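Please read the structure below before turning to the comments.
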Amino acid sequence: MSAILEIKDLCASVEGNEILKGISLTINPGEVHAIMGPNGSGKSTLAQVLAGREEYEITSGEVLYKTEDLTDMDPEERAREGIFLAFQYPVEIPGVSNTYFLKAALNAIRKHRGEKEIDAVDFLRLVREKMKLVHMDESLLRRPVNEGFSGGEKKRNEIFHMAVLEPTLGLLDETDSGLDIDALKVVAEGVNVLRQDDRSFVVITHYQRLLNYIVPDFVHVLVDGRIVRSGGKELALELEEKGYSWLEAEVGALATA
Amino acid sequence: MSTAMLEEYANREYEFGFVTDIEMEMVPPGLNEDTIRLISAKKKEPEWMLEWRLKAYRHWLTMEEPAWPNVEYPPIDYQKMVYFAAPKSDADRPKSLDEVDPELLKTYEKLGIPLKEQEMLAGVAVDAVFDSVSVATTFKSKLADMGIIFCSFSEAVLEHPDLVKKYLGSVVPYSDNFFATLNSAVFSDGSFVYIPKGVRCPMELSTYFRINAMNTGQFERTLIVADEGSYVSYLEGCTAPMRDENQLHAAVVELVALGDATIKYSTVQNWYPGDLETGKGGIYNFVTKRGKCDGPRSKISWTQVETGSAITWKYPSCILKGADSVGEFYSVALTKGRQQADTGTKMIHIGKNTTSTIISKGISAGRGQNTYRGQVKILRGADGARNFSQCDSMLIGDQCGAHTFPYIDVNNPTARMEHEATTSKIGEDQLFYCNQRGISTEDAVSMIVNGFCKEVFRELPMEFAVEAQKLLEINLEGSVG
Chain A
166 MSAILEIKDL
176 CASVEGNEIL
186 KGISLTINPG
196 EVHAIMGPNG
206 SGKSTLAQVL
216 AGREEYEITS
226 GEVLYKTEDL
236 TDMDPEERAR
246 EGIFLAFQYP
256 VEIPGVSNTY
266 FLKAALNAIR
276 KHRGEKEIDA
286 VDFLRLVREK
296 MKLVHMDESL
306 LRRPVNEGFS
316 GGEKKRNEIF
326 HMAVLEPTLG
336 LLDETDSGLD
346 IDALKVVAEG
356 VNVLRQDDRS
366 FVVITHYQRL
376 LNYIVPDFVH
386 VLVDGRIVRS
396 GGKELALELE
406 EKGYSWLEAE
416 VGALATA
Chain B
573 MSTAMLEEYA
583 NREYEFGFVT
593 DIEMEMVPPG
603 LNEDTIRLIS
613 AKKKEPEWML
623 EWRLKAYRHW
633 LTMEEPAWPN
643 VEYPPIDYQK
653 MVYFAAPKSD
663 ADRPKSLDEV
673 DPELLKTYEK
683 LGIPLKEQEM
693 LAGVAVDAVF
703 DSVSVATTFK
713 SKLADMGIIF
723 CSFSEAVLEH
733 PDLVKKYLGS
743 VVPYSDNFFA
753 TLNSAVFSDG
763 SFVYIPKGVR
773 CPMELSTYFR
783 INAMNTGQFE
793 RTLIVADEGS
803 YVSYLEGCTA
813 PMRDENQLHA
823 AVVELVALGD
833 ATIKYSTVQN
843 WYPGDLETGK
853 GGIYNFVTKR
863 GKCDGPRSKI
873 SWTQVETGSA
883 ITWKYPSCIL
893 KGADSVGEFY
903 SVALTKGRQQ
913 ADTGTKMIHI
923 GKNTTSTIIS
933 KGISAGRGQN
943 TYRGQVKILR
953 GADGARNFSQ
963 CDSMLIGDQC
973 GAHTFPYIDV
983 NNPTARMEHE
993 ATTSKIGEDQ
1003 LFYCNQRGIS
1013 TEDAVSMIVN
1023 GFCKEVFREL
1033 PMEFAVEAQK
1043 LLEINLEGSV
1053 G
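Chains as they are written, first to last, in this note's numbering: chain A, 166 to 422; chain B, 573 to 1053.
Next comes the structure, spelled out in structure tokens:
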């Protein structure tokens, strides 16, 4: 069975500043990987690079998605191939209803797969069904994308989009930030329902608490653009207890040695 | 629709023997009283019409071209222009679509315009075979049965002189402004509409049905009168880009709504914008449009989608004289390449409890410059007047500009005014978000822009709205990335 995502010694920079300094990571189908780390360690950069944000320049290394070179693909191509990024700060698109937007997205993906456009009735049925997953209010469907949504509603909306678009690889960029515990549970539940053998997730988070609800198969700790430690779900608990400083100290010691 | 246009076109030429006549006697370039006399004579106008033209011309000589609009263009030599251009003879026209600018054809294709209509719009000399039933003729007789007059301006001068005399210049006087005065002196043709008391015009009146609109030349004149309790919706222009040899277009549109009458005037303007890089060859569109709500509870609503022309300079306005009258202005103006637009509205509140609404959406891409200029004036007697203005600008790329000049002049303490303005940029963030959901950049731009313009599009008649959206899409192609 081949990996969904294979990152080999990836280095990336923004405006000349190197942020990722040699990351290697293999994600197999059905796995959930948590990426933790202190602020500024490069967690979000990794998500943006994988989604294809132009401002991030890959300086060396390799990223294979379903054995194909991901770095050659435009962001929309990656999305159509099944990569979904739940944004840390979802943007507002005034005047464009959430439903209209989502339908355009779904049809772009279907077209890419050689399927025909979904008809209005089937789409509505699909949307209603997925809405229940994230306990989203139906009024958010008719409202413009993210406009006037509360922080929690925006994050829920991201998971809702993910549920409708059914990606192969879901990247969650600090989806838990700014959520109260109830919203956190709802979001986690949404992700858990979507977990299946042929779908993988990368869950980026600063705090361990999300991982109480989305239980990862692997935990990686990112410090200063490098994965300094990988382990099972118990590593998250260790971090919760000790914080990041002991790892940062270790990295510092390595660097000066 | 194309057949109807063709048929009318053919009929008209036949009726007046128009083309041959003019070709033998071309009016030479330049402007003086003789030019005006000649124009008037060619149109077989009555004396009063000629006098009016001459009065305007003499006044024009005392005026100076306005310099205040936020647009730039080389000086116009008014003595070099031809003021009575004959329609092109078949010999001068392209023989077939093969001879037409392929860019233009591509746009027609995208708009889904039928072949026949493409030929009409591109000015191809067509040797057409007509259907036996003319759509336009059918409509016209139906309208006539209801007492509605819908004809060319020249025809109205001859057939309905009392109405024309009564209302011509009653909203835009001959002395109004440099370009309107020039128009008053030399106007070529245009439309005339009269809706009798209590009649609701059963269809959208469109210049589409009146082929001479295609050759009205640079100085079009339109007059629409809605008598008490009547209703009319008028559509001007068409979404297909039209080539024109005349660079300066100075039209005048006058609307008169009497008590309880409503006029809805929608425009889609897509004149040739000129070369994308240099702006060369583009149309200057300097238009005066104004409506008067003359009676109580009358209403005038302007909706415009401006995507063409090198320079657009227009302020469709409402004079709210009748008590409880309503003025509305909904506008989308898109500038790209080297286009410049200085557009907006004036709402003059005279009567009691008059209301006005202004929704303006300016979109600038490339090196386009977009200016909103609007005036809301509340006169002393306008107790309880209300205005709501919203002016939003959207920038695409970093070489374009958006400017807003709202003028507010309130002379009555009971007036209520609201003004909102926003400027946004189609951000990399928005585009990336759309891309990340699988939506291409081009689709994302049109989606974002359409969302931005929604409040205006929903004011357009259904068919027009769909076309306007498509038009924006086409115009924005390649403007990002």
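Glycine included, each C-beta is placed from N, C-alpha and C at the ideal position.
Nothing here was measured: the structure is a model prediction, and the numbers come from that model.
So Ile-324 (chain A) is in the alpha helix (DSSP H); what residue range does that whole segment cover?
316-330
For Thr-839 (chain B) and Pro-638 (chain B), I'd like the C-alpha separation in whole angstroms.
24 Å
Could you check the C-alpha separation between Asn-377 (chain A) and Ile-324 (chain A) for me, to the nearest Å?
18 Å
With DSSP run on the structure shown, which of helix, strand or coil describes Val-292 (chain A)?
helix
Chain A contact residues for Asp-1001 (chain B), given Cβ-Cβ distances below 7 Å
What Asp-1001 (chain B) touches in chain A: Val-256.
Any contact between the region 824-838 of chain B and the region 857-870 of chain B? By contact I mean 3 or more CB pairs, one from each, below 8 Å.
Enough Cβ pairs lie closer than 8 Å, so yes.
With H, G and I counted as helix, E and B as strand and the rest as coil, what does DSSP make of Ser-713 (chain B)?
helix
Alpha carbons only, please: which of B:Ser-932, B:Lys-627, B:Ala-913 and B:Pro-845 is nearest the one belonging to Trp-640 (chain B)?
B:Ala-913
Leaving aside the five residues before and after Lys-893 (chain B) along the sequence, list all residues of the same chain whose C-beta is less than 7 Å from its C-beta, in chain order.
Excluding the 5 residues flanking it on each side, Lys-893 (chain B) has same chain C-beta neighbours closer than 7 Å at Lys-864, Cys-865, Asp-866, Ile-922 and Gly-923, in chain order.
Can a CB atom of chain B be found closer than 9 Å to the CB of Asp-239 (chain A)?
yes
Contacting residues, own chain, Cβ-Cβ under 7 Å from Glu-220 (chain A) (five flanking each side not counted):
If we look at Glu-220 (chain A) and ignore the five residues flanking it on each side, its Cβ neighbours are Val-179.
Within the region 727-780 of chain B, note down every full beta strand (DSSP E) run reaching 3 residues or more, in order along the chain.
763-767
When DSSP labels each residue in this structure, what does Lys-652 (chain B) get in the three-state scheme?
coil
Closest by C-alpha distance to Thr-794 (chain B), when choosing among B:Glu-644, B:Ala-728 and B:Met-775
B:Ala-728
According to DSSP, is Cys-972 (chain B) part of a helix, a strand, or is it coil?
Note: Cys-972 (chain B) maps to coil in three-state DSSP.
What residues in its chain sit with their C-beta under 7 Å from that of Ile-608 (chain B), if we drop five residues either side in the sequence?
Arg-625, Leu-626, Tyr-629, Ala-757 and Val-758
Chain B within 9 Å of Glu-220 (chain A), Cβ atoms only:
Yes - at least one Cβ of chain B is within 9 Å of the one on Glu-220 (chain A).
Run of the alpha helix (DSSP H) containing Asn-263 (chain A), from where it starts to where it stops:
Its alpha helix (DSSP H) spans residues 263-277.
Close-in-space but distant-in-sequence residues of the same chain around Asp-338 (chain A) (CB under 7 Å, 5 per side omitted)
Exclusion of the five residues before and after Asp-338 (chain A) leaves Ser-209, Ala-212, Leu-250, Ala-251, Phe-252, Gln-253 and Ile-369 as the residues of its chain whose Cβ lies within less than 7 Å of its Cβ.
Between the C-alpha atoms of Asp-1015 (chain B) and Glu-241 (chain A), what's the straight-line distance to the nearest angstrom?
11 Å
Cβ pair count under 8 Å reaching 3, the region 999-1006 of chain B against the region 953-973 of chain B:
no
is_contact[Pro-259 (chain A), chain B] using C-beta, thresh 9 Å
yes
Please report the straight-line C-alpha distance between Lys-652 (chain B) and Leu-820 (chain B), rounded to a whole angstrom.
12 Å
Hey, how far is the Cα of Met-919 (chain B) from the Cα of Asn-604 (chain B)?
35 Å
How about Glu-1027 (chain B): is its C-beta nearer than 9 Å to some C-beta of chain A?
Residue contact check for Glu-1027 (chain B) against chain A: a CB pair falls below 9 Å.
Are the region 190-205 of chain A and the region 353-369 of chain A in contact at 8 Å, needing three or more beta carbon pairs?
Judged by Cβ distances under 8 Å, the region 190-205 of chain A makes contact with the region 353-369 of chain A, as three or more pairs qualify.
Measure the beta-carbon distance from Val-352 (chain A) to Lys-320 (chain A) and round it to whole angstroms, keeping in mind my assumption that it falls under 8 Å.
6 Å
Are the Cβ atoms of Gly-909 (chain B) and Gly-946 (chain B) separated by less than 9 Å?
no
Any Cβ of chain B within less than 9 Å of the Cβ of Gly-313 (chain A)?
no
Positions along the region 1008-1023 of chain B whose CB lies within less than 8 Å of some CB in chain A:
Taking 8 Å as the Cβ-Cβ cut-off against chain A, the residues of the region 1008-1023 of chain B that qualify are Gln-1008, Arg-1009, Gly-1010, Ile-1011, Ser-1012, Thr-1013, Asp-1015, Met-1019, Ile-1020, Asn-1022 and Gly-1023.
Work out the CA separation of Thr-834 (chain B) and Lys-714 (chain B) for me, nearest whole Å.
Their Cα atoms are separated by approximately 21 Å.
For Leu-400 (chain A), which residues in the same chain have their Cβ closer than 6 Å to its Cβ, ignoring the five residues on either side in sequence?
The beta carbon of Leu-400 (chain A) is closer than 6 Å to those of Val-384 in its chain, skipping five residues each way along the sequence.
Under 8 Å (Cβ pairs) to chain B, residues found in the region 322-346 of chain A
His-326 and Leu-330
Does the beta-carbon of Asp-799 (chain B) have 16 or more other beta-carbons within 10 angstroms, so that it is buried, or is it exposed?
buried
Coil, strand or helix - Ala-700 (chain B) by DSSP
Residue placement at Ala-700 (chain B) cannot be trusted, given a pLDDT of 32 that sits under 50; what the coordinates show is reported in the next sentence. Looking at Ala-700 (chain B) - three-state DSSP - the assignment turns out to be coil, as it is neither helix nor strand.
Go through its chain and collect everything with a Cβ distance to Met-596 (chain B)'s Cβ below 6 Å, but skip five positions before and after it.
Low local confidence applies: a pLDDT of 33 at Met-596 (chain B) is under 50, so the model's placement there is unreliable, with the coordinate-based value given in what follows. Here the set comprises nothing.
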